[in-house]
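Asker:
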Amino acid sequence: MIVEELFESFFLFLLLAAVGDIIVERSGVLNLGIDGFITLIFALCYSATIAYGPVASLALVLVAGAIYALLIALFVNLLHSSHVLTGLVTNMVFYGLSVLIGYWGLDLATERGVPRTLSISTPLDWRTVLALSILAVSATWVFLYRTRIGTAVRACGYNPRSADYLGVNVWRTRLLSLVLGYIIIALGGYVYVLFYSKAWTPYIGMGYGFLALALAISSLWHPLLITLPTVIFSYLLRSLYVYQLEYGISQYILSMIPYLASIVFITAVIASPLGKKLPIPKALGEIYYKEERAA
Amino acid sequence: MNKTLMTGLLIGLIIGVVIGIVALYATTKPSTTATPTTQATATTYKPPEKVKAAFIYVGPIGDLGWSHAHEVGRQAVQALYSDWLETTYKEQVSKEGAASVIDDLVKAGYNVIFSTSFDHMDPTFEKAQQYPNVMFFHCSGYKRAPNMGTYFADLYQVYYLNGLMAGALTKTGKIGYVAAFTIPEVVRHINAYAIGAQEMGRLLGKNITVYVIEIGAWFDPDKAKEAARTLVEKYDVDAIAFTEDSSSIVEFAQSLYTQTGKQVYVFSHYSPMYSYGPDVVVSGQLVRWEVIYADILAKVKSGVYRPDNLQNVDYWYLLNTGAVELGCHIYDNGTVMMVNPKFQPVLKSIKVKDPQTGAEVSAYDYVMNRYQQMKEAPLLQSLQGTSLTHQYESLKSVSTNLKAIPKVPVAPSFDPFEGPLKGYCLLGGKDAYSRFCSGKPVNSEVVVKDGERLTHDDLWNMDWFVEWVKYMGRT
Amino acid sequence: MPKIAVVRRDLPPTLSAVVRLGAALAGIGIAILSISVILGVDAWTVTERVVGTFLRPDMIRYLIVFLPVGLGLAVAYHARLWNLGAEGQIVMGAVAAAYVALFTPLGEIRVVGPLAALLAASLAGALWALLPGILRAYLNVNEAITTLMMNYVAYSLCNYLVYGPWRGRRVYGYPETDLIPDASKLQWVHGYSFSPWSLVIAIAFVPVIYLFLYKTRIGTALRGYGSSPAAVELSGISGTRLIILAFFVSGALAGLVGGNEILMYHRKLVPGEKIGAGMGFVSIMVAWLADLNPALMPLSAYYVSALHYLRMVMQVGELTEPVARFFIGLVFMLLLVSIFVSKYKVVIRK
Chain L
1 MIVEELFESF FLFLLLAAVG DIIVERSGVL NLGIDGFITL IFALCYSATI AYGPVASLAL
61 VLVAGAIYAL LIALFVNLLH SSHVLTGLVT NMVFYGLSVL IGYWGLDLAT ERGVPRTLSI
121 STPLDWRTVL ALSILAVSAT WVFLYRTRIG TAVRACGYNP RSADYLGVNV WRTRLLSLVL
181 GYIIIALGGY VYVLFYSKAW TPYIGMGYGF LALALAISSL WHPLLITLPT VIFSYLLRSL
241 YVYQLEYGIS QYILSMIPYL ASIVFITAVI ASPLGKKLPI PKALGEIYYK EERAA
Chain V
1001 MNKTLMTGLL IGLIIGVVIG IVALYATTKP STTATPTTQA TATTYKPPEK VKAAFIYVGP
1061 IGDLGWSHAH EVGRQAVQAL YSDWLETTYK EQVSKEGAAS VIDDLVKAGY NVIFSTSFDH
1121 MDPTFEKAQQ YPNVMFFHCS GYKRAPNMGT YFADLYQVYY LNGLMAGALT KTGKIGYVAA
1181 FTIPEVVRHI NAYAIGAQEM GRLLGKNITV YVIEIGAWFD PDKAKEAART LVEKYDVDAI
1241 AFTEDSSSIV EFAQSLYTQT GKQVYVFSHY SPMYSYGPDV VVSGQLVRWE VIYADILAKV
1301 KSGVYRPDNL QNVDYWYLLN TGAVELGCHI YDNGTVMMVN PKFQPVLKSI KVKDPQTGAE
1361 VSAYDYVMNR YQQMKEAPLL QSLQGTSLTH QYESLKSVST NLKAIPKVPV APSFDPFEGP
1421 LKGYCLLGGK DAYSRFCSGK PVNSEVVVKD GERLTHDDLW NMDWFVEWVK YMGRT
Chain G
2001 MPKIAVVRRD LPPTLSAVVR LGAALAGIGI AILSISVILG VDAWTVTERV VGTFLRPDMI
2061 RYLIVFLPVG LGLAVAYHAR LWNLGAEGQI VMGAVAAAYV ALFTPLGEIR VVGPLAALLA
2121 ASLAGALWAL LPGILRAYLN VNEAITTLMM NYVAYSLCNY LVYGPWRGRR VYGYPETDLI
2181 PDASKLQWVH GYSFSPWSLV IAIAFVPVIY LFLYKTRIGT ALRGYGSSPA AVELSGISGT
2241 RLIILAFFVS GALAGLVGGN EILMYHRKLV PGEKIGAGMG FVSIMVAWLA DLNPALMPLS
2301 AYYVSALHYL RMVMQVGELT EPVARFFIGL VFMLLLVSIF VSKYKVVIRK
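Next up, the structure:
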């Protein structure tokens, strides 16, 4: 059935990662560090599940998300580092660290004589996935568009200086959205490991972060619009072989689509008169330096 | 910044670099021209006191997969020859780094270098020209030099045996294969697997089709899983073999079994993967690189292999050498689980008539008979070490003038690639490289005559699929 | 209540360089120390390995990549244009060079062949960078995003070619093209894996970019454009043109490197991920480490190349490749802190 095809655990992972990324980038933080984090969280989630079971693993993974957010915040807020460099450097560190953490879990599984494939007896059926994704998407929308903090987050991404004049604490708001965003991304990683891959191999996850980033852009950082590109692309990614077997379309051409789409969408929206009205985070990647007021 | 200082710095820097390059050139140039002649080496060559061997891996060692299997081989020979052998390894060496890693190893004094990925072939070949006194051995490639040999342990016979089991167990008659690339090696494995499945299927009155998906990566757990899922869900496949370096497909089948009770039979690839899917893994392919490494290193130590005579060294080790094995698990004492005990009763209960003997045997015994036939070929191993002797590998026997023993067997008495076989060309015209397909259009018919056995070259250049393999999309 | 505030300051360039250098050395020191304490690898072995790698010319093979790409990126970054697309520009340069060497008669001609291939490579890289450049210049589309995405498009495009129409006839079905003709190859220095000509070209760009940025009207305008675009526009130089020029130059240099990778190293076109191999991203660090100063770029390229090479060859015992990657990442993290120290200071007020 087609809904089962569409709303599947991989889709949920990708959606959560993209939604988390939206929350982070809405506050103006260019979130390149997401790729290293996803690689890390896959390893951590796998090892923690082997070591302490799925519930403790969930807690640990969420805490890790918050800590990672604090680390990014330390660099982009306090140390005024460029968002790009921060992302690249944290990626490098955590790609390496992820492998060490993953091996810890694999070794533990061998030591204890438990199967290396995680066995989760309850699969996520499409209704659950659909319900969870609607929940995630709508909650994010409510948060961003219907709460005071959400408005502050968007203001920081749009123009941090004027947000500051309006009494928003830019650093604190960016920290908050980083923590919130990374907790959601971590949750996505949890879904991927427990319900989709159920296993870990070195450097698995590299590249998915940038894919989530591309999806977020192609929806113009809008939490409701994100659903469409994610559904399409998660399906496309998982069915590349159907196209290959039946129509002989090169998977290399197909795999360009999300990246091209993100470029085309963002250009189209910015170029069209509509784009002037759509408040996308214009200050993305801007280091916010708070001038000292005369005192 | 001070302008004059800056300009001074710049000029100084450039002059320094230019002098450096000239100096480097001047010091290194003579050594290229003063390459010792082969005769000089032959008379003065002394085997190394201590062999220092380095292994270059393309992936992480991990605990299964391609690089791990080579690492097992390294550790085995290290322990075996600890008196005179010193080894090291470098993992995660990608194509763009291979040459400079070799530079580093040569400078550290390693005199035998094994590079274990196709990605390393071109850099290794070029480095072999640069370092005429170092011996290089490359796994899986086709380029050789006086100081560069090649080696490979091939699994096609094992895939055939896996195919027999798949053919016996399948209920839908639809069999799947997830391929990394459709290079000759993998095409050969797919064909062998398909031949086995069809052979058994015909005896049981099943109509066998083999569906192939190419994922374009040696290692990509997610793509492999999605390909397997596509095969199961879209093409009703219930037995899968694969060439991909992770245990992802086994895990997919195992979780399908635990969650929905659907049984998909899987054949573990390369590493023992039984522990990842005890309810779904039937059997699989295993490899023992140490068999080849022990041979090469002993010959290096004893001076049989020298940096000037490796041009024809080309290992092509099959089931008869023990370098490959049928199985999916290795017990702690080193013995092999050839067939998962869970599936042994089923295979033993299926009865078929062996066309070779006419006797009725169980599918299990059928597989074991074939295994035994391919395992026994006393003369073969001597032919499998050099490129010159590969041409004799497909001879079934040679004659003597003696009445008591008129024929001496050479190749195993059974080989899956023996006619009659029909297939179709994957490539055509100038792109094709086999004698069956070169110069002909794509999809031309391939006919292997009754009783004709494919030679080493035919196997090595395989660019056609047997008829019942379905492979539509060419990427 | 004491209040902590971060205040901008400008350290003199020399002092700033000293801080950066100090961080670079300290980072390596800390890495060596923690490796030997945590993993129990003999500290002397690690030190010897690290110092050895820094002193040997082997890493020039990577310097040839990082130096020109870093120089090119510096041009864009001076104008505050976030070109993150060096990786893709390298790949497209490689595609163009492979095309010239393999499929045009030029590939068979000595000297002319490689020069034509490199020229085509620079052009391809420049054009690949031009698309995000134009989008930024005329439509103000965020260039960090578009350049990042173009990397993946370049990968796919290159892969499509090597898996499809360009797949070689003598590669037994592997996704590669055939080898380029000998006339187009740049030969290695004996015992190393780089060509002296590539090194000369790479070094030659140091003064060129330096003079361009600091001695020409356009270069000065470019540097000014980053901080105050309006002032530059007022002086009569078109900002749009400046943006396009910056992208063109940085793309051309990355493309040149990609072409060089084909002629000097791979000698055939291989899948995109294997050509770029993430080096386009590492080059971003090179540019910033040198504080975007072309004259200091050789130093930072040298440092990063050595670290990059170190990651591959350092492996001893427990010190596996991921561990090496982790520690090199930490060294870079420390460098980020040093950038902070040279630009800001923390003051505590009562």
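Protein chains in written order, with this note's numbering: chain L, 1 to 295; chain V, 1001 to 1475; chain G, 2001 to 2350. All C-beta atoms in this analysis are idealised placements derived from N, C-alpha and C, irrespective of residue type, glycine included.
Are the beta-carbon atoms of GLY2088/G and SER2122/G separated by less than 8 Å?
Answerer: Position 88 of the third sequence holds residue 2088/G. Position 122 of the third sequence holds residue 2122/G. Result no, Cβ atoms of GLY2088/G and SER2122/G do not sit closer than 8 Å.
Asker: Who are the neighbours of THR267/L on chain G, taking C-beta pairs under 9 Å?
Answerer: For the purposes of this step, residue 267/L is taken as residue 267 along the first sequence, with counting starting at 1. Here the neighbours are LEU2135, LEU2139, VAL2141 and THR2146.
Asker: For the beta strand (DSSP E) containing LYS1052/V, list its first residue and its last residue.
Answerer: As a position in the second sequence, residue 1052/V is number 52, starting the count at 1. Per DSSP, LYS1052/V belongs to the beta strand (DSSP E) from 1051-1056.
Asker: Can you find the residues in the same chain that come closer than 6 Å, C-beta to C-beta, to PRO1030/V, ignoring five residues on each side of it along the sequence?
Answerer: If you number the second sequence from 1, residue 1030/V lands on position 30. No answer about PRO1030/V holds up, because its pLDDT of 43 lies below 50 and its placement is not dependable.
Asker: I want to verify the contact list: residues of chain G whose CB lies under 8 Å from the CB of GLU1096/V, in sequence order.
Answerer: Counted from its first residue, the second sequence places residue 1096/V at position 96. The answer, in chain order, is GLU2261, TYR2265, HIS2266, LYS2274, ILE2275, ALA2277 and MET2279.
Asker: For LEU2245/G, does the count of other Cβ atoms within 10 angstroms reach 16, so buried, or fall short, so exposed?
Answerer: If you number the third sequence from 1, residue 2245/G lands on position 245. Classification of LEU2245/G: buried, given that the 10 Å Cβ count is 16 or more.
Asker: Closest to PRO1307/V by CA distance: which of TYR1274/V, PRO1341/V and ASN1147/V is it?
Answerer: Counting from one through the second sequence, the residue named residue 1307/V turns up at place 307. The shortest Cα separation from PRO1307/V among TYR1274/V, PRO1341/V and ASN1147/V belongs to ASN1147/V.
Asker: Would a check of beta-carbon distances place GLY1109/V closer than 8 Å to chain L?
Answerer: One-based indexing of the second sequence puts residue 1109/V at position 109. Output row for GLY1109/V: interface = no.
Asker: According to DSSP, is ARG293/L part of a helix, a strand, or is it coil?
Answerer: As a position in the first sequence, residue 293/L is number 293, starting the count at 1. With a pLDDT of only 46 at ARG293/L, under the threshold of 50, the placement of this residue in the model should not be trusted; the figure read from the coordinates follows. Three-state DSSP puts ARG293/L in coil, outside helix and strand.
Asker: Using the C-alpha atoms, what's the distance from LEU1383/V back to VAL1408/V?
Answerer: For the purposes of this step, residue 1408/V is taken as the residue at position 408 of the second sequence. For the purposes of this step, residue 1383/V is taken as the residue at position 383 of the second sequence. Approximately 15 Å between the Cα atoms of the pair.
Asker: If HIS83/L sits next to VAL29/L, beta carbons under 8 Å apart, how far is it from one beta carbon to the other, in whole angstroms?
Answerer: Translated into the one-based positions of the first sequence, residue 83/L becomes position 83. Translated into the one-based positions of the first sequence, residue 29/L becomes position 29. At roughly 6 Å, the Cβ-Cβ gap stays under 8 Å, so HIS83/L and VAL29/L are in contact.
Asker: Going along chain G, which residues have a C-beta under 8 Å from GLN1130/V?
Answerer: As a first step, residue 1130/V is located in the second sequence; it is residue number 130 there, counting from the start. Correct list: TRP2188, HIS2190 and GLY2191.
Asker: Looking at the strands, I want to know which residues DSSP matches up with LEU1326/V.
Answerer: Position 326 of the second sequence, counted from the first residue, corresponds to residue 1326/V. DSSP lists GLN1285/V as partners of LEU1326/V.
Asker: Run through DSSP, which three-state label would GLY1167/V get?
Answerer: One-based indexing of the second sequence puts residue 1167/V at position 167. Reduced to three states, the DSSP call for GLY1167/V is helix.
Asker: When we look at the beta-carbon of GLU1325/V and count the other beta-carbons within 10 Å, is it buried (16 or more) or exposed?
Answerer: Walking along the second sequence from the start, residue 1325/V turns up at place 325. So GLU1325/V counts as buried.
Asker: Against chain G, which members of the segment 1145-1171 of chain V pass a CB distance test of less than 8 Å?
Answerer: Listed by position along the chain: nothing, the set is empty.
Asker: According to DSSP, is ALA199/L helix, strand or coil?
Answerer: Position 199 of the first sequence, counted from the start, is the residue given in the question as residue 199/L. Note: ALA199/L maps to coil in three-state DSSP.
Asker: What span of residues does the beta strand (DSSP E) with THR1088/V cover, start to end?
Answerer: As a position in the second sequence, residue 1088/V is number 88, starting the count at 1. That run of the beta strand (DSSP E) goes 1085-1090.
Asker: In angstroms with no decimal places, state the Cα-to-Cα distance between ILE249/L and SER119/L.
Answerer: Translated into positions along the first sequence, residue 249/L becomes position 249. Translated into positions along the first sequence, residue 119/L becomes position 119. Rounded to whole angstroms, ILE249/L to SER119/L spans 35 Å at the Cα level.
Asker: State yes or no: is the beta carbon of ILE1240/V nearer than 8 Å to at least one beta carbon in chain G?
Answerer: As a first step, residue 1240/V is located in the second sequence; it is residue number 240 there, counting from the start. It does not; no Cβ of chain G falls within 8 Å.
Asker: Using a threshold of 8 Å, state whether the C-beta atoms of ILE1195/V and GLY2173/G are closer than that.
Answerer: Working through the second sequence from its first residue, we reach residue 1195/V at position 195. Working through the third sequence from its first residue, we reach residue 2173/G at position 173. For ILE1195/V and GLY2173/G, no; Cβs fall outside 8 Å.
Asker: Considering only C-alpha positions, which residue in the set ARG116/L, ARG26/L and ALA66/L is nearest to ALA283/L?
Answerer: Here residue 283/L is taken as the residue at index 283 of the first sequence, counted from 1. Here the closest residue by C-alpha is ARG26/L.
Asker: Taking DSSP as the reference, what is the three-state secondary structure of CYS1425/V?
Answerer: Locating residue 1425/V in the second sequence gives position 425, counting from the first residue. Strand, per DSSP.
Asker: Could you please tell me which residues of the segment 1200-1216 of chain V, in chain order, have their CB closer than 9 Å to any CB of chain L?
Answerer: Within the segment 1200-1216 of chain V, the residues whose Cβ lies closer than 9 Å to some Cβ of chain L are TYR1211, VAL1212, ILE1213, GLU1214, ILE1215 and GLY1216, listed in chain order.
Asker: Since THR2320/G meets chain V, which of its residues come closer than 9 Å, beta carbon to beta carbon?
Answerer: Residue 2320/G sits at position 320 when you count from the first residue of the third sequence. The contacting residues are PRO1060, ILE1061, GLU1091 and GLN1092.
Asker: Let's see if you can read the secondary structure: which residues bound the beta strand (DSSP E) around VAL1210/V?
Answerer: The count along the second sequence starts at 1 and reaches residue 1210/V at position 210. It spans 1209-1214 - the beta strand (DSSP E) in which VAL1210/V sits, taken as one unbroken run.
Asker: Of all the CB atoms in chain V, is at least one closer than 8 Å to the CB of ARG112/L?
Answerer: Walking along the first sequence from the start, residue 112/L turns up at place 112. ARG112/L does not count as touching chain V.
Asker: Run down chain G in chain order and give the residues with a C-beta less than 8 Å from the C-beta of PHE233/L.
Answerer: Your numbering for residue 233/L matches position 233 in the first sequence. Within chain G, no residue comes near PHE233/L; the closest Cβ sits about 12 Å away, beyond 8 Å.
Asker: Taking 8 Å as the CB-CB cut-off, is VAL2153/G touching chain L?
Answerer: As a position in the third sequence, residue 2153/G is number 153, starting the count at 1. For VAL2153/G, the answer is yes, since a Cβ of chain L falls inside 8 Å of its Cβ.
Asker: Rounded to a whole number of angstroms, what is the C-alpha to C-alpha distance between ILE101/L and ILE50/L?
Answerer: Walking along the first sequence from the start, residue 101/L turns up at place 101. Walking along the first sequence from the start, residue 50/L turns up at place 50. Those two C-alpha atoms are separated by around 12 Å.
Asker: Can you tell me which residues form a DSSP beta bridge with TYR2344/G?
Answerer: Taking the third sequence and counting its residues from 1, one reaches residue 2344/G at position 344. Per DSSP, ARG2008/G.
Asker: Do VAL1281/V and SER1268/V come within 8 Å of each other at the CB atom, strictly closer than that value?
Answerer: Numbered from 1 along the second sequence, position 268 holds the residue referred to as residue 1268/V. Numbered from 1 along the second sequence, position 281 holds the residue referred to as residue 1281/V. Their beta carbons are under 8 Å apart, which means SER1268/V touches VAL1281/V by this criterion.
Asker: Just checking my contact of LEU1421/V with MET1273/V at CB under 8 Å: how many whole Å lie between their CB atoms?
Answerer: Working through the second sequence from its first residue, we reach residue 1421/V at position 421. Working through the second sequence from its first residue, we reach residue 1273/V at position 273. Not quite, the Cβ-Cβ distance comes to about 30 Å (not below 8 Å), so this is no contact.
Asker: I'd like to know if ALA1224/V contacts chain G, where contact means its C-beta is closer than 8 Å to some C-beta of that chain.
Answerer: Against the second sequence, residue 1224/V aligns to sequence position 224. It does not: the Cβ of ALA1224/V has no partner Cβ on chain G nearer than 8 Å.
Asker: Count the other CB atoms within 10 Å of the CB of LYS2215/G; is the residue buried (16 or more) or exposed (fewer)?
Answerer: Position 215 of the third sequence, counted from the first residue, corresponds to residue 2215/G. By the 10 Å Cβ count, LYS2215/G comes out exposed.
Asker: Would you mind reading off the limits of the beta strand (DSSP E) that contains THR1150/V?
Answerer: Taking the second sequence and counting its residues from 1, one reaches residue 1150/V at position 150. THR1150/V -> beta strand (DSSP E) spans 1148-1153.
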